[in-house]
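Visitor: Using full-length UniProt numbering, read the sequence shown as starting at 1 and increasing by one per residue.
By construction, the Cβ of each residue, glycine as well, lies at the ideal position given by its N, Cα and C atoms.
Remember, predicted model here, so these are calculated numbers, not experimental data.
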Amino acid sequence: MASLLWLCFLVAILHPSCFTITTAKQTYIVQMNNHQKPTSYLTHHDWYEDSLQSLASTNPDAILYSYTNAYHGFSASLDLDQVEALRQSESVLGVYEDTVYQLHTTRTPEFLGIENELGLWSGHTPQQLNAASHDVIIGVLDTGVWPESKSFDDAAMPAVPARWKGECEEGEDFKPTVCNKKLIGARKFSKGFRLAAGAISKEKESPRDQDGHGTHTSTTAAGAQVGNASLFGFASGTARGMSVHARVATYKVCWKTGCFGSDILAGMDRAISDGVDVLSMSLGGGSAPYYRDTIAIGAFKAMEMGVFVSCSAGNSGPAKASLANVAPWIMTVGAGTLDRDFPAYAVLGNGKRVTGVSLYSGKGMGDKPIELVYFNDKGTGSSSNLCMPGSLQPDAVRGKVVFCDRGVNPRVEKGQVVKEAGGIGMILGNTAESGEELVADSHMLPAVAVGRKIGDEIREYLKTEKNPKALLSFGGTVLGVKPSPVVAAFSSRGPNMVTPQILKPDVIGPGVNILAGWSEGIGPTGLEMDTRKTQFNIMSGTSMSCPHISGLAALIKAAHPGWSPSAIKSALMTTAYTVDNTKSPLRDAAGGQFSTPFAHGAGHVEPHKAISPGLVYDISTEEYIAFVCSLGYDIKQVQAVVNRANVTCARKLGDPGRLNYPSFSVLFGKSRVVRYTRQLTNVGLAGSAYDVVAEAPEGVQVTVKPKRLVFKKEGDKMRYTVTFVSRKSNSDDLFGSITWKNAENQVRSPVAFGWARVV
Numbered sequence: 001m002a003s004l005l006w007l008c009f010l011v012a013i014l015h016p017s018c019f020t021i022t023t024a025k026q027t028y029i030v031q032m033n034n035h036q037k038p039t040s041y042l043t044h045h046d047w048y049e050d051s052l053q054s055l056a057s058t059n060p061d062a063i064l065y066s067y068t069n070a071y072h073g074f075s076a077s078l079d080l081d082q083v084e085a086l087r088q089s090e091s092v093l094g095v096y097e098d099t100v101y102q103l104h105t106t107r108t109p110e111f112l113g114i115e116n117e118l119g120l121w122s123g124h125t126p127q128q129l130n131a132a133s134h135d136v137i138i139g140v141l142d143t144g145v146w147p148e149s150k151s152f153d154d155a156a157m158p159a160v161p162a163r164w165k166g167e168c169e170e171g172e173d174f175k176p177t178v179c180n181k182k183l184i185g186a187r188k189f190s191k192g193f194r195l196a197a198g199a200i201s202k203e204k205e206s207p208r209d210q211d212g213h214g215t216h217t218s219t220t221a222a223g224a225q226v227g228n229a230s231l232f233g234f235a236s237g238t239a240r241g242m243s244v245h246a247r248v249a250t251y252k253v254c255w256k257t258g259c260f261g262s263d264i265l266a267g268m269d270r271a272i273s274d275g276v277d278v279l280s281m282s283l284g285g286g287s288a289p290y291y292r293d294t295i296a297i298g299a300f301k302a303m304e305m306g307v308f309v310s311c312s313a314g315n316s317g318p319a320k321a322s323l324a325n326v327a328p329w330i331m332t333v334g335a336g337t338l339d340r341d342f343p344a345y346a347v348l349g350n351g352k353r354v355t356g357v358s359l360y361s362g363k364g365m366g367d368k369p370i371e372l373v374y375f376n377d378k379g380t381g382s383s384s385n386l387c388m389p390g391s392l393q394p395d396a397v398r399g400k401v402v403f404c405d406r407g408v409n410p411r412v413e414k415g416q417v418v419k420e421a422g423g424i425g426m427i428l429g430n431t432a433e434s435g436e437e438l439v440a441d442s443h444m445l446p447a448v449a450v451g452r453k454i455g456d457e458i459r460e461y462l463k464t465e466k467n468p469k470a471l472l473s474f475g476g477t478v479l480g481v482k483p484s485p486v487v488a489a490f491s492s493r494g495p496n497m498v499t500p501q502i503l504k505p506d507v508i509g510p511g512v513n514i515l516a517g518w519s520e521g522i523g524p525t526g527l528e529m530d531t532r533k534t535q536f537n538i539m540s541g542t543s544m545s546c547p548h549i550s551g552l553a554a555l556i557k558a559a560h561p562g563w564s565p566s567a568i569k570s571a572l573m574t575t576a577y578t579v580d581n582t583k584s585p586l587r588d589a590a591g592g593q594f595s596t597p598f599a600h601g602a603g604h605v606e607p608h609k610a611i612s613p614g615l616v617y618d619i620s621t622e623e624y625i626a627f628v629c630s631l632g633y634d635i636k637q638v639q640a641v642v643n644r645a646n647v648t649c650a651r652k653l654g655d656p657g658r659l660n661y662p663s664f665s666v667l668f669g670k671s672r673v674v675r676y677t678r679q680l681t682n683v684g685l686a687g688s689a690y691d692v693v694a695e696a697p698e699g700v701q702v703t704v705k706p707k708r709l710v711f712k713k714e715g716d717k718m719r720y721t722v723t724f725v726s727r728k729s730n731s732d733d734l735f736g737s738i739t740w741k742n743a744e745n746q747v748r749s750p751v752a753f754g755w756a757r758v759v
């Protein structure tokens, strides 16, 4: 039985679609109709306990969590008969199996233009902005925190806001006194994980981060300035988060086998009641209808309470329709590159010098070329070409450089496999899936990662050369790389398969080779045998881009405390840019071609402009409810998503694409005409006037009425209607844009066009 559980855990880690653990009893999340609570019960928890005992004939101790903010209901350990009994009750909206989500695993401030806040915030002095930022609290749901990190220094920070209700929980290796005026909260949620893992895991019950991921994301969002930061000399400089003066609260919901939905929901529930302003969640588990999506349901309530929710899009690119966290009330964040690189070189025996990347910092290989080997035994079923554990024979590897194909197992693990087999170096070659995307790693032996084209050249050299050799060398840190940003190949892509009428991802942010704080409880590679310690690490993933946007949202919240989460999202989206530092359209690392909104959404975030966007697309909770009512869900499913038992769906949008979203996704079906009306709110100067510019692909006609909007006062709202007409069918997705512009602002919305897309 133990081996079966362990196998399922491994599958869940490698394949997020393995969501559940098969046992006689397992965790279920039960959503209750809170309006049916009899007045005789003092609390909802009392009602849940009694309901569980009477309906499912089980001990009330079976309840793991009672939820009150992000969700109305509880999670409990149940068998199938008990689940069925609960589902028959009118007071129960739904019963869902616990879901396992996975983590989506510094020069950034300079790259984004916020290294010096002077002059950035129009109408605000730096002192005013700093003071306002002290009142903004970012909640990070992740693997916990390493509180001793210098990035949590609270020097010169004022007292914690009086409204804060959170705390630092004590753990086996965590004392509440380690928190301060910067790190103002640290909690842990492990009941779902513990029930599934049983005796398999020996992880300590503590908010402390033994993984590194949570410390990296929280310091990216709001870390204090730390001088002379680097990873073994790489990316040396001042490390700082996006919102340097904001407060941080961490909620440990992720453990070695993943992040369980019951724990995530408990973390969101507590974060909302604690008083966070921003929720940052670098985790996900694929797409599902919103009524079955724990994160989407919790995020809806957070949005309703005024909390901005930022989530990673996922690392399943470049495959189409691979997105996670696609609900329109969530900011869905993809990943791009910085203008910084870590070059490394391989000189082949034929004299050719090729360039790749690496963060290797140890002793070099000397100056003599070494024999290069590649075990590409096609058709034998061998995994030697991938350098999987146990796949390399020491007699064939000892003293040599090994060429390994990228894919399947972690990049750093491949290097360790080569080292354990006696190899002294590795060249890691991309395949078609990763294209030209280069991700640097802190390998345990000399190693260089190369793109697909160079990888294929080396594979050909190995095939034709009788005595292939290679010499590896390392070039440190290089700035000003062009082109940048480039969309990361791993960044998950649209279209949105849950609601195709909503274009996702929303934006991209820096997510490749990001330097941020790290846990000293684990080495930089995360491998068990890596005993090196570092206060900072360089990581890649949409996990890294998500907290960038969370921190930027906190800055906007500080400057505009009255703005809704939707207004903040709109500001970040409509001011994003779609050209790189060579003035060319953004490119895709997967193949080098131009990127599309299915990869980069509205574009790469631009903080300078987002603070003063001119106009915003605002969305009320009631409009979001009308959107959910338009999805074809039954009334119980709608009530489950919006956490309201009295919703009747008297108002519907008809077409989900009518939501007042800052982007458009137009689906042509039987009708060749699609018409949407949007409403813009003036957050700029009184008397501002805007003219529209529409860009459309060949075969599509776009008409906007009126063509000019004049806002008499700040806060004025004006509508426009856009009509899309398809002149001919197209098997490919095409793209355009609608931009409202004047001398000061360009408010741009990307448009995706699809024909008879099957969902």
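Could you tell me the boundaries of the alpha helix (DSSP H) in which V710 lies?
Guide: For V710, there is no enclosing alpha helix (DSSP H); the enclosing beta strand (DSSP E) has its first and last residue at 708-711.
Visitor: When DSSP builds the beta bridges, which residues end up paired with M444?
Guide: Paired residue(s): none; M444 is not in a bridge.
Visitor: Leaving out the 5 sequence neighbours to the left and right, which residues in its chain are closer than 6 Å to T108 when beta-carbon positions are compared?
Guide: The pLDDT assigned to T108 is 45, lower than 50, so where the model puts this residue is not dependable; a value taken from the coordinates is nonetheless given after this. The beta carbon of T108 is closer than 6 Å to those of P510 in its chain, skipping five residues each way along the sequence.
Visitor: How would you call T257, buried or exposed, if buried means at least 16 neighbouring beta carbons within 10 angstroms?
Guide: buried
Visitor: Have a look at T294, F490, A321, Y291 and flag the residue whose alpha-carbon is nearest the alpha-carbon of F335.
Guide: Phe is not the amino acid found at residue 335; the sequence shown has Ala there. Closest option to A335, Cα to Cα, is F490.
Visitor: Let's see if you can read the secondary structure: which residues bound the alpha helix (DSSP H) around W47?
Guide: 44-56
Visitor: Considering only residues of the region 171-235, which uninterrupted alpha helix (DSSP H) runs meet the minimum length of 4 residues and lie entirely inside it, listed in chain order?
Guide: 191-197, 213-222
Visitor: Looking at the unbroken alpha helix (DSSP H) that takes in T294, where does it start and where does it end?
Guide: Here the alpha helix (DSSP H) through T294 covers 294-304.
Visitor: Quick check on the DSSP output: what are the complete alpha helix (DSSP H) runs of length 4 or more inside the region 614-685, in order along the chain?
Guide: As far as the region 614-685 is concerned, its whole alpha helix (DSSP H) runs of at least 4 residues are 621-628, 635-642.
Visitor: Please go through the region 356-442 and give each complete beta strand (DSSP E) segment of 3 or more residues, from N-terminal end onward.
Guide: 370-373, 401-405, 425-429
Visitor: Taking all protein chains shown into account, do 16 or more other C-beta atoms lie within 10 angstroms of the C-beta of L118, making it buried, or fewer, making it exposed?
Guide: Its pLDDT being 34, under 50, L118 is placed unreliably in this model, and the value from its coordinates should be taken loosely. By the 16-neighbour rule on beta-carbons within 10 angstroms, L118 is exposed.
Visitor: Quick check: V666 and F598, are their CB atoms within less than 8 Å of each other?
Guide: No.
Visitor: Whole-angstrom Cβ separation of S519 and Q53, contact assumed at under 8 Å?
Guide: The beta carbons of S519 and Q53 sit about 42 Å from each other, so the pair does not count as a contact at 8 Å.
Visitor: Taking the alpha helix (DSSP H) that S550 belongs to, which residues open and close that run?
Guide: 542-559
Visitor: Is T337 closer than 8 Å to V512 when the C-beta atoms are compared?
Guide: yes
Visitor: What first and last residue would you give for the alpha helix (DSSP H) that runs through residue 794?
Guide: What the structure shows of the chain is the stretch from 1 to 759, and residue 794 is not part of that stretch, so it cannot be assessed.
Visitor: Identify the continuous alpha helix (DSSP H) that holds K609 and give its terminal residues.
Guide: 607-610
Visitor: Sort out for me which residues DSSP pairs W146 with in a bridge.
Guide: Per DSSP, none; premise fails for W146.
Visitor: Would you report the Cα separation of T677 and A196, rounded to the nearest angstrom?
Guide: Approximately 48 Å between the Cα atoms of the pair.
Visitor: Give the straight-line distance between the Cα atoms of K652 and H548, rounded to the nearest whole angstrom.
Guide: 35 Å
Visitor: Rounded to whole angstroms, what is the Cα-Cα separation between G657 and P505?
Guide: 15 Å
Visitor: Grouping DSSP H, G and I as helix and E and B as strand, with all else coil, what is R493?
Guide: coil
Visitor: To test your reading of the DSSP string, which unbroken alpha helix (DSSP H) runs of 4 or more residues are found completely within the region 443-492?
Guide: 452-464
Visitor: State the Cα-Cα distance for the pair A650 and P750, rounded to the nearest angstrom.
Guide: Their backbone Cα atoms lie some 31 Å apart in a straight line.
Visitor: Measuring straight from C-alpha to C-alpha, what distance separates N385 and V347?
Guide: Straight-line Cα distance between these residues: approximately 21 Å.
Visitor: How would you write the range of the beta strand (DSSP E) that Q36 sits in, first residue to last?
Guide: For Q36, no beta strand (DSSP E) segment is defined, and its DSSP state is neither H nor E.
Visitor: Output yes or no for whether 8 Å exceeds the beta carbon distance between G314 and T542.
Guide: yes
Visitor: Once you ignore the five residues that flank Q31 on each side, which residues in its own chain have a CB closer than 6 Å to its CB?
Guide: G73, L93, G94, A640
Visitor: Enumerate in chain order the residues of its own chain whose CB-to-CB distance from L55 is below 6 Å, with the five nearest sequence positions on each side excluded.
Guide: A85, L86, S89
Visitor: State whether the region 559-570 contacts the region 462-477, with contact taken as three or more CB pairs (one from each stretch) at a distance under 8 Å.
Guide: no
Visitor: Sorted by chain position, which residues of the same chain lie with C-beta nearer than 6 Å to A266's C-beta, five sequence neighbours on each side aside?
Guide: Excluding positions up to five away in sequence, the list reads Y65, F189.
Visitor: When you compare only the Cα positions, how much space is there between S280 and L141?
Guide: Between S280 and L141, the C-alpha separation is close to 6 Å.
Visitor: DSSP beta-bridge partners for E744?
Guide: According to DSSP, E744 bridges with nothing at all.
Visitor: Going by CA-CA distance only, name the one from Y461, Q225, S273, N180 that's closest to G166.
Guide: S273
Visitor: If you check the beta carbons only, do D341 and V478 fall under 8 Å apart?
Guide: Yes, Cβ-Cβ distance for D341 and V478 is below 8 Å.
Visitor: When the Cα of E205 is compared with those of N180, K175, S218, which residue comes out closest?
Guide: Measuring from the Cα of E205, the nearest candidate turns out to be K175.
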